[in-house]
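S.K.:
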Amino acid sequence: MYNVGDQVSIKCKFRSNYLFSETGYDDFVIEGTVIKTPSYINYDAVTVKTNNPDLPISIVPTRTIEGFVHSPIVNNIETHEVISGANTYIVTVNSGKVSCSCVGFQFRRYCKHSDPYKT
Ligand SMILES: [Zn+2]
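Following my numbering, the numbering of the sequence shown begins with 4 at its first residue and continues without gaps.
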């Protein structure tokens with residue numbers, strides 16, 4: 004699912020430290036570059052080098068991951084894997100033109116998955 008060097012934006016859920024939290028969980032989004040997970044980590048995890056100076060390396064246990072945007076760039080065509088609920092859509096950006104694999108985009112040439120990638 005991830006390779007070292009990938010640019011990712013991971014949405015995850017951690018048990019909340021806040022006593023009066025309604026759901027018992029806090030949501031986080033971790034953005035950065037995937038690096039090799041240290042060998043002393045004995046659970047399934049993705050390690051991300053972030054641009055946040057307070058937390059430059061984030062080790063995200065796979066079980067806490069809710070969704071992610073995965074953005075490799077190949078031949079100047081960016082593809083973003085966008086997870087929305089149980090579905091995964093592929094958003095492609097080619098020379099500034101955005102398209103999405105979802106049904107909505109085929110009809111309307113517009114959808115919520117592709118909107119954030121419009122320039
Ligand atoms: Zn879409």
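For every residue, glycine included, the Cβ atom is placed at its ideal position computed from N, Cα and C.
With G35 as the anchor, note down where its beta strand (DSSP E) starts and where it stops.
M.R.: In the sequence shown, counting from the first residue as 1, residue 35 sits at position 32. It spans Y28 to I38 - the beta strand (DSSP E) in which G35 sits, taken as one unbroken run.
S.K.: Would you say V120 touches ligand 1, meaning its beta carbon is less than 8 Å from a heavy atom?
M.R.: Within the sequence shown, numbered from 1, the residue matching residue 120 stands at position 117. Note on residue identity: the sequence assigns Tyr, not Val, to residue 120. No, since every heavy atom of ligand 1 falls outside the 8 Å radius drawn around the Cβ of Y120.
S.K.: Smallest Cα separation from T26: which of S98, G88 and K16?
M.R.: Counting from one through the sequence shown, the residue named residue 26 turns up at place 23. Closest by alpha carbon: K16.
S.K.: Hey, is G107 close to ligand 1, as in C-beta under 8 Å from one of its heavy atoms?
M.R.: By one-based count along the sequence shown, residue 107 stands at place 104. Indeed, a heavy atom of ligand 1 lies less than 8 Å from the Cβ.
S.K.: For T40, which residues in the same chain have their Cβ closer than 8 Å to its Cβ, ignoring the five residues on either side in sequence?
M.R.: Here residue 40 refers to the residue found at position 37 of the sequence shown. Closer than 8 Å at the Cβ level, and outside the excluded window around T40, lie A48, V49, T50 and I62.
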